[in-house]
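Some notes on the structure that comes next.
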Amino acid sequence: MFEASVYSERRTRLAHSVGKGTILFLGSGELPMNYPDNWYPFRQDSSFLYYWGHSTANLAALIDVDEGRHILFADDPTISSIIWSGPQPTAAALANSVGADHAQPYSKLPVMLAQCVASGRRVHFEPPYRQDTERKLAELLHLRPGSASLHASRDLVRAIIAQRSVKEAREIQEIERALAVSYDMHVAAMQRARPGQYEREIAGYVEGIAIAGGGRLAFPCIFSKRGNVLHNHTYANRLEAGDLVVHDSGAASSMHYASDITRTIPVSGTFSTQQRAIYERVLRAQLRSIEAIKPGTPFKQVHLLAARTLTSGLMEIGLMRGDVDEAVAEGAHALFFPHGLGHMMGLDVHDLEGLGEDLVGYDETAKRSSQFGLAYLRLGKALAPGYVLTVEPGCYFIEALMDEWQAEGRHQAFINYQALRAWRGLGGVRIEDDVLVTGHGVRILGKPIPKTVQEVEAACAA
Ligand SMILES: [Mn+2]
């Protein structure tokens, strides 16, 4: 954890932005997986982590904005919880270590909330994304079951997004700690992906590195030779010579900051001519996009630059044709690159997305498009110093999509369906790094992970 003043200063700033009323934070509880006492791995709510630090279940907290009081609700450990889970801090110690004014037993929370409501003060809370939190909110605030999201505070949501989007130096350090582990995960995967190995063997090894690094995976790993299935979470395939594997994984730091890296690995250890042709074009799109990042530039513009770079690359090898700008304006490139260029990253791998994807990624500087492909762009708005985001262009050969578009004769002016036949089965290529928007431009975070054709092949050979 950071020192106590970090949390109390963050809360003071938040209270100032929200202005008046009471801000309620509900920490996460344990969630049963298959019977009551067998739980999913615990993950604290990210705003709770940001403002109150503690990663223990069943905590809640209030900021009384009007009185300037910060109260943590927690129960002292019972003897049975100590028997099963070991020594634990008292509620007072928990409150003290995050600079709260005092601790109250959890049972006092409904009483204090009732007082706020009775005195006509607004209780601000974030929209819940878990059913248990939603139910608890409804109970505490006497809301109709299922309606808590409708009563969530826009003022609070906006204030949290504004604050958490701009990363502090200490947060960048945490993200780079996570990236140091991701470096090991990705280099190890390059060294181990060999013909005869199963995807699950590498995926399991990679997850082990994340755990050994002191955290966990920031999200379920993708390790698949069917990289053209964008969120492929199965690891059943046997790797064969000539396969191309998309490996998208990232460690979380011990303080739960995410990292999110993708590399594409040739199982043979060297790229085939076709694989290399696609790989180099995706890499060019990724490098140009990163170069274009600076404060004030809408990320939607950077996404479109990536799309144009990829499109002109695909024109070089005869898969696309016509005018690059027109092809991208019409959305023809989305056959190959149907997803967005990147997203915010922080405590959440898709940072803050629980507060509303459009509220995080869009504003008056960029509206979400409804065009196929561009519509999936999670971040479109102008970038600001302190933002951390991913840059992850890709190129995929998605059989069902190619068949559907060809049958419809879609974008025939820009796509050479005839030539495309020879590329079926290549799978996909994605290359992803995490970057920080600085005062003037951009910095790629973490130690450089092998990325050029030469670097990846050298890492595979090691
Ligand atoms: Mn990502």
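In terms of the numbering used here, the sequence shown opens at residue 614 and continues consecutively.
All C-beta atoms in this analysis are idealised placements derived from N, C-alpha and C, irrespective of residue type, glycine included.
Residue i: CB within 7 Å of a non-hydrogen atom of ligand 1
i            : result
residue 873  : yes
residue 916  : no
residue 799  : no
residue 952  : no
residue 669  : no
residue 1003 : yes
residue 966  : no
residue 956  : yes
residue 1045 : yes
Residue i, buried or exposed, once every other Cβ within 10 Å from all chains shown has been counted against 16
i            : result
residue 912  : buried
residue 980  : exposed
residue 869  : buried
residue 655  : exposed
residue 728  : exposed
residue 838  : buried
residue 883  : exposed
residue 811  : exposed
residue 691  : exposed
residue 816  : buried
residue 1037 : exposed
residue 975  : buried
residue 1012 : exposed
residue 697  : exposed
residue 929  : exposed
residue 622  : exposed
residue 777  : buried
residue 1047 : buried
residue 693  : exposed
residue 1080 : The displayed coordinates of the chain run from 614 to 1075. Any statement about residue 1080 would go beyond what the structure contains.
residue 997  : exposed
residue 899  : buried
residue 747  : buried
residue 1016 : exposed
Residue i versus residue j - alpha carbon distance
i            : j            : result
residue 904  : residue 987  : 21 Å
residue 651  : residue 1020 : 49 Å
residue 963  : residue 914  : 20 Å
residue 619  : residue 664  : 9 Å
residue 801  : residue 749  : 43 Å
residue 1042 : residue 1070 : 15 Å
residue 841  : residue 990  : 18 Å
residue 999  : residue 951  : 28 Å
residue 681  : residue 763  : 27 Å
residue 565  : residue 832  : Because the chain in this structure spans residues 614 to 1075, residue 565 falls outside the shown range and cannot be described.
residue 994  : residue 978  : 5 Å
residue 1007 : residue 741  : 32 Å
residue 774  : residue 992  : 13 Å
residue 872  : residue 1050 : 16 Å
residue 959  : residue 792  : 12 Å
residue 969  : residue 808  : 43 Å
residue 745  : residue 670  : 12 Å
residue 1018 : residue 1027 : 12 Å
residue 1023 : residue 944  : 10 Å
residue 947  : residue 954  : 12 Å
residue 624  : residue 643  : 25 Å
residue 925  : residue 1059 : 30 Å
residue 725  : residue 961  : 30 Å
residue 788  : residue 1014 : 36 Å
residue 849  : residue 813  : 6 Å
residue 640  : residue 771  : 20 Å
residue 888  : residue 857  : 8 Å
residue 865  : residue 799  : 14 Å
residue 804  : residue 797  : 11 Å
residue 781  : residue 936  : 43 Å
residue 735  : residue 635  : 6 Å
residue 1099 : residue 637  : Absent from the structure is residue 1099, since the part of the chain shown begins at 614 and ends at 1075.
Bridge-paired residues (DSSP) for residue i
i            : result
residue 876  : 860
residue 805  : In DSSP, residue 805 forms no bridge with anything.
residue 1081 : Since the first residue shown for the chain is 614 and the last is 1075, residue 1081 is missing from the structure and cannot be characterised.
residue 684  : 675, 715
residue 702  : Per DSSP, none; premise fails for residue 702.
residue 976  : 979
residue 788  : BP columns for residue 788 are empty, so no partner.
residue 836  : 860
Min CB distance residue i to chain D below 8 Å
i           : result
residue 687 : As a matter of chain content, chain D is missing from the structure shown, which is built from one protein chain.
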